[in-house]
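As structure tokens, the structure follows; a few thoughts come after it.
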Amino acid sequence: MSSEPNQPNEDVVIPRTRDLDGKPVYETHLTPTDDSRPKVIETKLPAVIPLVFIPGIMGTNLKNKKTGEAVWRPPNMSLNLADILGVVSALATWGFKGPKTRQRILKAEDLTVDDSGSIDTGKSGLHKETARKRGWGSVLRTSYNPVMALLEARTDHIVAGRKLQSWWADEALRQPAEFGEETGKPTALTEEELTRAARYDYDVWCAGYNWLQPNRQSAEDLKQYIENTVLRHYREQKPPVPAEKVILVTHSMGGLVARALTNLVGYENVLGVVHGVQPATGAPAIYHHMRSGYEGPEQLILGANAGEVTAVVANSAGALELCPTFDHRGGKPWLFLQDEQGNVVNDADGLACAYPRGGNPYEEIYKNPAWFGLVPEQNTKFLDLSDGSGQGMGNPRDWFNDRIGKVEDFHRAIGGKYHTDTYVHYGADGSRAMHSWQDIVWRGGMKISSLSNSLMKDDENGSCRHRSMRNAPELTPVAGKGDGTVSVFSGEAPREAGVKASFRHGSDGKGTANIGRKGYDHQGSCNDTRAQWAALYGIIKITQLADWHPNDQS
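In my numbering, the protein residues as written are 20 to 573.
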């Protein structure tokens, strides 16, 4: 709420901090006797709009329900000693675990959110214990705590001395089009809107979730968290503090959880939603990972080959719900079989081997045991690695197909549905590093369309070998646009559904903020200034709908 440096002839505004409960505290200090300037404490009637941050897949720390042992805590990537040791520990934990061990440990029903992770409150003004009470320790610190701290700090310093504070007084007032807004509908923020927003306090909470379970179940859990932890916190203040609805700020798959909350669960205490890099219609990258493993250093933790990834993802409803949906790219193909010259080949019936052909990836790709399917026949063994210990799933292929059927149900239930006040931003860069597996291409010899499973050997790293074929198919990166994980086709999909604003960031975006700048990496998107601007813009626009401030009741 405060505080620009005081000028010589101005009142001395006492800066505001927070106590361990997050309540405002004003600390005064003695001034020289010749300093006769009035000392001012700027207060306001209490009313809060909680900002609830929802992370992406694999961004929430998980622990075993029974033992409390930390099971999933991805390493924070910074240069302090604790983080370096964390990386070493994570590599020791996951780098040498094969598919069987990963499948046994990462079972959704055995795990719950672990909120005891490390915390960085940055320049938010919050005590670490306050941040911990708000769930900041439940997520990957280096990816998410910085943006949460920024949201806390910026929304706490909108107006002071009846003047807009730095950043809000200049940067925030720029036109949305400068930051890649592509619908042309939103208007620039006004001083009146910012002054109205400044009447409220904004507390940033974090809602980690079990990303292995179905996103609809995570939405049910999120509803309970908002009702019984976030809003309850304000109801139990003495006297109670008005806080009737929350604003959701999401990253990646967190957007699917938020959409399930508002559209499937029907939860009404959400004022609006800001989505960042949401795989709105899924991500073909998940196919690549299940056939080839992850790329780069991530593979040591997330899985280096098809076996390690399939063993976990095929048993995780939440992860499978990231597969491209029935309406991805308008139902057009995204998986192609090509000859060595890059031409799509035809099958024995003369049909182009471009899938899905009929807008049904569930039957044509995900359930299909052919060598180019999501889980080819020879990889069926990774679906159940229990060795007949009594924990098996019956016929693994039947069980997997049933799970895919439920994924389809979720996709169709949520397809094209968004909160009425939704703002989105996404990456749109065309560099090789950001191709995002927009197209999945198997490229090989002329006979690629007629290859038999029985004669194929998958090396689990994106290459197949065939007994009678020299140039057997390989997964081949091709040009595309996105953020390295989510392609522009998925990132831009909400625009067609009529969201309030859609910001396109990167070399394929427009506006001065994109000139000479590439896009952002998917996981690091929260810490990009363009994404942060779009998020704060959306938050302020949404706050105009709030009506529980005491001044609104008079």
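Where a beta carbon is used, it is the ideal one built from N, C-alpha and C, also for glycine.
TODO: Determine which residues share a DSSP beta bridge with residue 91 and list them.
DONE: Position 72 of the sequence shown, counting from 1, holds the residue named residue 91. DSSP lists 81 as partners of residue 91.
- [ ] In the DSSP assignment, find the unbroken beta strand (DSSP E) run with residue 297 in it and report its ends.
- [x] Start at 1 with the first residue of the sequence shown, and residue 297 comes out as number 278. Residue 297 -> no beta strand (DSSP E), and no H or E assigned at all.
Task: Rounded separation between residue 347 and residue 458 - CA only - done: Numbered from 1 along the sequence shown, position 328 holds the residue referred to as residue 347. Numbered from 1 along the sequence shown, position 439 holds the residue referred to as residue 458. Each residue's Cα considered, the two are about 12 Å apart.
TODO: Compare the C-alpha of residue 171 against each of 291, 564, 555 and name the closest.
DONE: The count along the sequence shown starts at 1 and reaches residue 171 at position 152. Residue 171 has its Cα closest to that of 555, out of 291, 564, 555.
- [ ] Could you tell me the boundaries of the alpha helix (DSSP H) in which residue 462 lies?
- [x] To locate residue 462, count along the sequence shown from 1; it is residue 443. Unbroken run through residue 462 is the beta strand (DSSP E), 459-462; no alpha helix (DSSP H).
Task: Paired residues, beta bridge with residue 224 - DSSP - done: As a position in the sequence shown, residue 224 is number 205, starting the count at 1. BP columns for residue 224 point to 71.
- [ ] Look at residue 127 and residue 234 and say whether their C-beta atoms are less than 8 Å apart.
- [x] Translated into the one-based positions of the sequence shown, residue 127 becomes position 108. Translated into the one-based positions of the sequence shown, residue 234 becomes position 215. It is not a contact, given that the beta carbons lie outside the stated cut-off.
Open item on the list: Quick check on DSSP: helix, strand or coil for residue 118?
Closed with: Position 99 of the sequence shown, counting from 1, holds the residue named residue 118. Looking at residue 118 - three-state DSSP - the assignment turns out to be helix.
Open item on the list: Taking only three categories from DSSP, how would you classify residue 430?
Closed with: Mapped onto the sequence shown, residue 430 falls at position 411. In the structure shown, residue 430 sits in a helix (DSSP, three-state: H, G or I).
TODO: Compare the C-alpha of residue 73 against each of 250, 163, 307 and name the closest.
DONE: The count along the sequence shown starts at 1 and reaches residue 73 at position 54. Checked all of 250, 163, 307; the closest Cα to residue 73 is 163.
Open item on the list: With three or more beta-carbon pairs closer than 8 Å as the criterion, would you say the region 249-257 touches the region 517-533?
Closed with: no
TODO: Using the Cα positions of residue 280 and residue 440, report the straight-line distance between them to the nearest angstrom.
DONE: As a working note, residue 280 is residue 261 in the sequence shown. As a working note, residue 440 is residue 421 in the sequence shown. One C-alpha to the other measures close to 14 Å.
Open item on the list: Alpha carbons only, please: which of 218, 479, 283 is nearest the one belonging to residue 241?
Closed with: As a working mapping, residue 241 is identified with position 222 in the sequence shown. For residue 241, the closest alpha carbon among the candidates 218, 479, 283 is that of 283.
Task: Per-residue burial, residue 489 [other beta carbons within 10 Å of its own, 16 or more giving buried] - done: For the purposes of this step, residue 489 is identified with residue 470 of the sequence shown, where counting begins at 1. That one is exposed.
- [ ] Going by CA-CA distance only, name the one from 310, 152, 314, 131 that's closest to residue 82.
- [x] Position 63 of the sequence shown, counted from the start, is the residue given in the question as residue 82. It is 131.
Task: Nonlocal neighbours in the same chain, by C-beta distance under 6 Å from residue 287, ignoring five residues either side - done: Counting from 1 along the sequence shown, the entry for residue 287 is found at position 268. Contacts found: none.
- [ ] Using the Cα positions of residue 494 and residue 355, report the straight-line distance between them to the nearest angstrom.
- [x] Taking the sequence shown and counting its residues from 1, the one referred to as residue 494 is at position 475. Taking the sequence shown and counting its residues from 1, the one referred to as residue 355 is at position 336. Their Cα atoms are separated by approximately 10 Å.
Open item on the list: I believe residue 344 touches residue 301 by the beta-carbon criterion, under 8 Å. Please report the beta-carbon distance rounded to the nearest angstrom.
Closed with: One-based indexing of the sequence shown puts residue 344 at position 325. One-based indexing of the sequence shown puts residue 301 at position 282. By a beta-carbon distance limit of 8 Å, residue 344 contacts residue 301. Their separation comes to about 5 Å.
Open item on the list: Can you list, in chain order, the residues of its chain with a C-beta nearer than 6 Å to that of residue 71? Leave out the 5 residues immediately preceding and following it.
Closed with: Counting from one through the sequence shown, the residue named residue 71 turns up at place 52. Closer than 6 Å at Cβ, skipping near neighbours: 224, 226, 265, 267.
Task: Contact belief for residue 510 with residue 501 at Cβ below 8 Å, rounded distance in angstroms - done: The residue labelled residue 510 in the question sits at position 491 within the sequence shown. The residue labelled residue 501 in the question sits at position 482 within the sequence shown. Indeed, because the Cβ distance is near 7 Å, the residues count as touching under 8 Å.
Task: Residues of its chain near residue 299, where Cβ-Cβ distance is below 6 Å and the 5 sequence neighbours each way are ignored - done: Mapped onto the sequence shown, residue 299 falls at position 280. 509, 512, 513, listed in sequence order.
- [ ] Give me whichever residues DSSP pairs with residue 183 in a beta bridge.
- [x] Here the question's residue 183 lines up with position 164 in the sequence shown. Answer is 178.
TODO: Can you grab the Cα-Cα spacing for the pair residue 107 / residue 161, in whole Å?
DONE: Stepping through the sequence shown from its first residue, residue 107 is reached at position 88. Stepping through the sequence shown from its first residue, residue 161 is reached at position 142. Confidence is the limiting factor: at residue 107 the pLDDT is only 39, short of 50, which leaves the residue's position unreliable, though a coordinate-based value still follows. Rounded to whole angstroms, residue 107 to residue 161 spans 16 Å at the Cα level.
Open item on the list: Is the beta carbon of residue 506 closer than 8 Å to that of residue 517?
Closed with: As a first step, residue 517 must be located in the sequence shown, where it is residue number 498. As a first step, residue 506 must be located in the sequence shown, where it is residue number 487. Contact: no.
- [ ] Round the Cβ separation of residue 67 and residue 30 to the nearest angstrom and send it over; I've been treating them as touching at under 8 Å.
- [x] Numbered from its first residue, the sequence shown carries residue 67 at position 48. Numbered from its first residue, the sequence shown carries residue 30 at position 11. The Cβ separation is near 27 Å, so there is no contact.
Task: As assigned by DSSP and simplified to three states, the class of residue 54 - done: Translated into the one-based positions of the sequence shown, residue 54 becomes position 35. Coil, per DSSP.
Task: First and last residue of the uninterrupted beta strand (DSSP E) at residue 320 - done: For the purposes of this step, residue 320 is taken as the residue at position 301 of the sequence shown. Premise fails: residue 320 lies in the alpha helix (DSSP H), 318-321, not in any beta strand (DSSP E).
TODO: May I ask which residues mark the beginning and end of the beta strand (DSSP E) holding residue 149?
DONE: As a first step, residue 149 must be located in the sequence shown, where it is residue number 130. Note, residue 149: premise wrong, no beta strand (DSSP E); alpha helix (DSSP H) at 147-152.
Task: Helix, strand or coil at residue 241 [DSSP, three-state] - done: What you label residue 241 is simply residue 222 of the sequence shown in a count that begins at 1. Looking at residue 241 - three-state DSSP - the assignment turns out to be helix.
Task: Where residue 361 falls, given that 16 or more other Cβ within 10 Å makes a residue buried - done: Working through the sequence shown from its first residue, we reach residue 361 at position 342. Exposed, by the Cβ-count rule.
Task: C-alpha distance - residue 98 paired with residue 546, whole-angstrom precision - done: Against the sequence shown, residue 98 aligns to sequence position 79. Against the sequence shown, residue 546 aligns to sequence position 527. Low per-residue confidence applies at residue 98: pLDDT is 39, beneath 50, and the placement is therefore not dependable, though the value from the model is reported in the following sentence. Between residue 98 and residue 546, the C-alpha separation is close to 17 Å.
- [ ] Apply the 10 Å Cβ neighbour rule to residue 564 and answer buried if 16 or more other Cβ atoms are within range, or exposed otherwise.
- [x] Residue 564 sits at position 545 when you count from the first residue of the sequence shown. The residue is exposed, with fewer than 16 neighbouring Cβ atoms inside 10 Å.
- [ ] Keeping to the same chain, check which residues put their C-beta closer than 7 Å to that of residue 138; ignore five residues upstream and five downstream.
- [x] The residue you call residue 138 lines up with position 119 of the sequence shown. So the list reads 147, 150, 151, 155, 156, 160, 164, once near-sequence residues are dropped.
Open item on the list: Given a cut-off of 8 Å on the beta-carbon distance, is the pair residue 76 and residue 272 in contact?
Closed with: As a first step, residue 76 must be located in the sequence shown, where it is residue number 57. As a first step, residue 272 must be located in the sequence shown, where it is residue number 253. Result yes, Cβ atoms of residue 76 and residue 272 sit closer than 8 Å.
Open item on the list: Assuming the contact rule is C-beta atoms closer than 8 Å, residue 177 and residue 213 should be a hit. Round their C-beta distance to whole Å, please.
Closed with: Taking the sequence shown and counting its residues from 1, the one referred to as residue 177 is at position 158. Taking the sequence shown and counting its residues from 1, the one referred to as residue 213 is at position 194. Right, their Cβ atoms sit about 6 Å apart.
Task: Rounded separation between residue 110 and residue 371 - CA only - done: Reading the sequence shown from its first residue, position 91 is the one you call residue 110. Reading the sequence shown from its first residue, position 352 is the one you call residue 371. Low per-residue confidence applies at residue 110: pLDDT is 42, beneath 50, and the placement is therefore not dependable enough to give any value.
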